[in-house]
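First the structure, in the form of structure tokens, and then the observations on it.
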Amino acid sequence: MSKEQLTGAELVIRGLEYLNVSTVFGVPGGAILPAYDPLYDSPIRHILARHEQGAGHMAEGYAQSTGELGVVIATSGPGATNLITPLANALMDSTPLLAITGQVASEAIGNDAFQEAYTVGLSMAATKHNYLITNASEIPQVLKEAKYIATSGRPGPVLIDIPKDILNQKSDWVEPGPLDLPGYKPTLEPNPKMIQQAANLIKNSNKPILYVGGGIIHSKANQELFDLATKFNIPVVTTLMGRGAFPDGHELCLEMPGMHGNYTATTSIQKSDLLIAIGVRFDDRVTANPSFFAQNAKVIHADIDPAEIGKVREAQVPIVGDAKSVILGLIDALGDTKLNTENWINELNSMKTEFPLSYNQNENGPLKVPFVLEELQNLTEEEAIVVSGVGQHQMWISQHWNFTEPNTWLNSGGLGTMGYSLPAAIGAKTAYPEKLVLALDGDGCFQMTCQELITASTENIPVKIVVFNNGNHGMVRQWQKIFYNSKFSASELGHVVPDYVKLAESMGAVGLRMTKKSEVKNVFLEMLKINDKPVLIDCVVDPEDMVFPMVPAGGSNDQIILNEEDLKNL
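In the working numbering, each residue carries its 1-based index in the sequence shown increased by 152.
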């Protein structure tokens with residue numbers, strides 16, 4: 153045991169190095185400043201964000217693209233409160249995140265000291281767990297515990313709040329010992345009896361659907377899922393957070409169901425006799441009104457978080473366990489079973505033919521987002537990491553981009569955080585500098601964190617950004633048009649300010665613009681040629697366009713609005 157005396161700040165950096173953390177994102181400030189001194193000499197790369205929310209989303213993008221821990225550092229008070237949004241976002245989307253925040257000195261806590269905030273209390277509902285350090289000697293062990301909690305079981309964010317005097321306090325470096333967390337024991341291996349019961353239901357089903365989500369990606373179970381689906385000929389729907397868990401284009405892939413899912417995916421659930429739900433939480437964007445959701449289906453629900461099972465829909469077979477272990481168990485229990493799903497698959501294929509996703513791109517008309525997306529994907533020879541904002545463009549991307557690999561689709565699913573795309577793309581590009589990383593954003597979302605383009609430029613992180621500029625908060629406008637008699641209250645942004653090309657240039661990036669169909673291919677080719685700095689494209693699109701299919705919130709998935717003509721029947 154070494155008796156080397158280090159400050160608490162040095163213990164933090166040494167502890168992160170011990171945990172093999174290579175990159176952190178953050179913004180310095182008074183209370184956390186002691187930690188920035190040893191960080192200066194550390195091999196850990198620090199990415200200086202322009203806002204703590206941006207730093208948090210960068211850490212999320214890093215974590216979502218790698219499946220590993222993302223780390224963000226912020227100071228006390230406003231530094232910590234600015235992290236609440238990415239923390240809540242990470243909690244909703246089960247992203248492994250570690251936040252380290254400075255705090256005012258111990259003796260000043262509770263006295264409304266300068267830049268004081270009750271960080272542990274404020275973050276309690278936005279984190280999986282959090283800590284307030286009271287002695288520097290705790291730091292190495294707490295860091296090890298925090299990483300384990302953040303990355304194990306159902307992943308999520310963990311926050312460590314450290315008073316400034318503790319960062320300056322001297323203590324020995326003691327290598328972290330074994331983990332002893334009696335109140336935290338995630339169940340990884342499923343109950344064999346439940347697996348057998350699930351297998352029996354599957355054997356007796358005629359219209360099964362594999363309804364899978366982000367849990368497949370967190371578990372790295374995409375190959376096992378593929379084996380289960382293809383061996384037993386079971387169609388697959390993937391939630392918004394599960395896109396890429398099963399390859400688009402495969403004959404068994406029905407893609408995304410729900411509020412803006414395609415007709416076949418949503419209707420397949422409604423017509424199924426068995427939902428094999430793995431790593432999903434029956435989110436309201438999928439179920440709409442739960443009373444009308446998959447009324448004729450029995451449910452097998454497998455999730456690593458027992459709190460999710462039965463929360464929205466009763467499961468005939470509840471299974472607590474890691475998705476990969478559950479799937480391997482099902483494959484084994486089913487053995488050489490031959491399911492008779494041919495008629496079911498033919499029925500679904502007929503639906504695909506009868507109700508395809510569609511759009512109408514006129515030769516001289518305004519640009520349609522689906523057309524632009526398909527043109528871009530046709531020009532990308534490699535598997536890009538696609539990072540979306542929130543709203544109409546998010547739905548169009550999920551509908552029209554073909555995802556074939558996990559961890560290539562990053563978005564804010566549960567919290568729906570505008571401003572996520574650009575900083576998250578910076579985090580993903582930091583993790584994978586050799587990969588093509590596309591931030592496909594809306595103008596409303598981009599304006600919320602556009603200052604992080606400075607970070608991308610100054611840190612030499614050449615992300616490529618496409619701003620779908622419709623001059624509006626598009627999804628808000630769509631709802632106002634349908635449900636509020638086209639009273640566009642506070643949803644119009646305009647096309648004049650900002651000038652995105654000039655904005656990009658002022659932030660050290662290349663700015664390009666496309667406004668009509670004939671320009672799209674050449675502008676994208678120009679973007680793809682530039683790899684030494686960020687590129688931003690102002691893509692001016694149709695402000696009147698709406699996303700279909702659509703199931704109104706609280707409605708029934710049996711009543712899908714396919715186009716504007718269907719709106720007349722509302």
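By construction, the Cβ of each residue, glycine as well, lies at the ideal position given by its N, Cα and C atoms.
Just the C-alpha distance for residue i and residue j, rounded to the nearest angstrom, thanks.
{"i": "Leu163", "j": "Ile369", "result": "33 Å"}
{"i": "Met679", "j": "Gln216", "result": "25 Å"}
{"i": "Ala288", "j": "Leu249", "result": "22 Å"}
{"i": "Leu362", "j": "Gly413", "result": "16 Å"}
{"i": "Ile165", "j": "Glu156", "result": "15 Å"}
{"i": "Arg197", "j": "Ala583", "result": "11 Å"}
{"i": "Leu638", "j": "Arg629", "result": "The sequence as given places Ser at residue 638; Leu does not occur at that position. So the alpha carbons of these two residues sit roughly 8 Å apart."}
{"i": "Ala608", "j": "Pro614", "result": "6 Å"}
{"i": "Leu500", "j": "Ala417", "result": "9 Å"}
{"i": "Gly589", "j": "Tyr214", "result": "Checking the sequence shown, residue 589 turns out to be Val, not Gly. Their Cα atoms are separated by approximately 12 Å."}
{"i": "Ile461", "j": "Lys383", "result": "26 Å"}
{"i": "Met547", "j": "Phe555", "result": "14 Å"}
{"i": "Asp435", "j": "Pro334", "result": "30 Å"}
{"i": "His402", "j": "Gly160", "result": "53 Å"}
{"i": "Val464", "j": "Pro442", "result": "7 Å"}
{"i": "Val389", "j": "Pro701", "result": "16 Å"}
{"i": "Ser708", "j": "Thr218", "result": "36 Å"}
{"i": "Pro387", "j": "Phe635", "result": "35 Å"}
{"i": "Glu557", "j": "Gln375", "result": "10 Å"}
{"i": "His647", "j": "Phe620", "result": "11 Å"}
{"i": "Gly565", "j": "Ser540", "result": "10 Å"}
{"i": "Leu714", "j": "Glu407", "result": "17 Å"}
{"i": "Glu494", "j": "Pro399", "result": "20 Å"}
{"i": "Leu191", "j": "Gln348", "result": "52 Å"}
{"i": "Asp425", "j": "Lys450", "result": "6 Å"}
{"i": "Ala440", "j": "Thr610", "result": "44 Å"}
{"i": "Thr391", "j": "Asn559", "result": "14 Å"}
{"i": "Glu297", "j": "Lys720", "result": "56 Å"}
{"i": "Pro695", "j": "Gln632", "result": "13 Å"}
Within 10 angstroms of its Cβ, does residue i collect 16 or more other Cβ (buried), or is it exposed?
{"i": "Met666", "result": "buried"}
{"i": "Val131", "result": "Absent from the model: residue 131. The displayed extent of the chain is 153 to 722, so no value can be given."}
{"i": "Pro360", "result": "buried"}
{"i": "Gln551", "result": "buried"}
{"i": "Gln447", "result": "exposed"}
{"i": "Lys490", "result": "exposed"}
{"i": "Gly167", "result": "buried"}
{"i": "Ser275", "result": "buried"}
{"i": "Asp111", "result": "Any question about residue 111 goes unanswered here, given that the chain covers just 153 to 722."}
{"i": "Lys299", "result": "buried"}
{"i": "Val223", "result": "buried"}
{"i": "Ser154", "result": "Unreliable positioning characterises Ser154 in this predicted model, as indicated by a pLDDT of 47, which lies under 50. A coordinate reading is not provided."}
{"i": "Lys476", "result": "buried"}
Do residue i and residue j have their C-beta atoms closer together than 8 Å?
{"i": "Ala207", "j": "Val179", "result": "yes"}
{"i": "Tyr336", "j": "Ile301", "result": "yes"}
{"i": "Ala397", "j": "Pro309", "result": "no"}
{"i": "Ile318", "j": "Leu380", "result": "no"}
{"i": "Pro575", "j": "Ala201", "result": "yes"}
{"i": "Glu644", "j": "Asn612", "result": "no"}
{"i": "Ile315", "j": "Ser258", "result": "It should be pointed out that residue 315 corresponds to Pro in this sequence rather than to Ile. Their beta carbons are under 8 Å apart, which means Pro315 touches Ser258 by this criterion."}
{"i": "Gly365", "j": "Val294", "result": "no"}
{"i": "Ile471", "j": "Ile452", "result": "yes"}
{"i": "Pro344", "j": "Ile456", "result": "no"}
{"i": "Asp593", "j": "Met393", "result": "no"}
{"i": "Leu688", "j": "Gly660", "result": "no"}
{"i": "Leu519", "j": "Phe676", "result": "no"}
{"i": "Thr247", "j": "Ala232", "result": "no"}
{"i": "Val272", "j": "Leu221", "result": "no"}
{"i": "Ala591", "j": "Ile617", "result": "yes"}
{"i": "Pro292", "j": "Gly481", "result": "no"}
{"i": "Gly543", "j": "Met627", "result": "yes"}
{"i": "Ala485", "j": "Ala373", "result": "no"}
On a Cα-Cα basis, can you pick out the residue from the options that is closest to residue i?
{"i": "Gly229", "options": "Ala183, Leu243 and Met659", "result": "Ala183"}
{"i": "Phe523", "options": "Met393, Leu377, Tyr511 and Pro328", "result": "Tyr511"}
{"i": "Arg306", "options": "Lys316, Met276, Ser371 and Lys423", "result": "Ser371"}
{"i": "Lys581", "options": "Ala417, His209, Ile312 and Pro470", "result": "His209"}
{"i": "Lys138", "options": "Leu353, Leu482, Ala661 and Gln513", "result": "With the chain running from 153 to 722 in the structure shown, residue 138 is simply not present."}
{"i": "Leu311", "options": "Trp553, Thr227 and Leu353", "result": "Thr227"}
{"i": "Tyr188", "options": "Ile225, Gly706 and Asn516", "result": "Ile225"}
{"i": "Phe445", "options": "Gly410, Ile471 and Ala591", "result": "Gly410"}
{"i": "Asn385", "options": "Tyr283, Lys633 and Asn492", "result": "Asn492"}
{"i": "Glu671", "options": "Glu657, Glu515 and Lys616", "result": "Glu515"}
{"i": "Lys322", "options": "Leu158, Asp718, Gly367 and Gln468", "result": "Leu158"}
{"i": "Ile537", "options": "Val521, Gly579 and Ala475", "result": "Gly579"}
Validate contact between the segment 260–270 and the segment 234–244 using beta carbons, cut 8 Å, 3 pairs:
no
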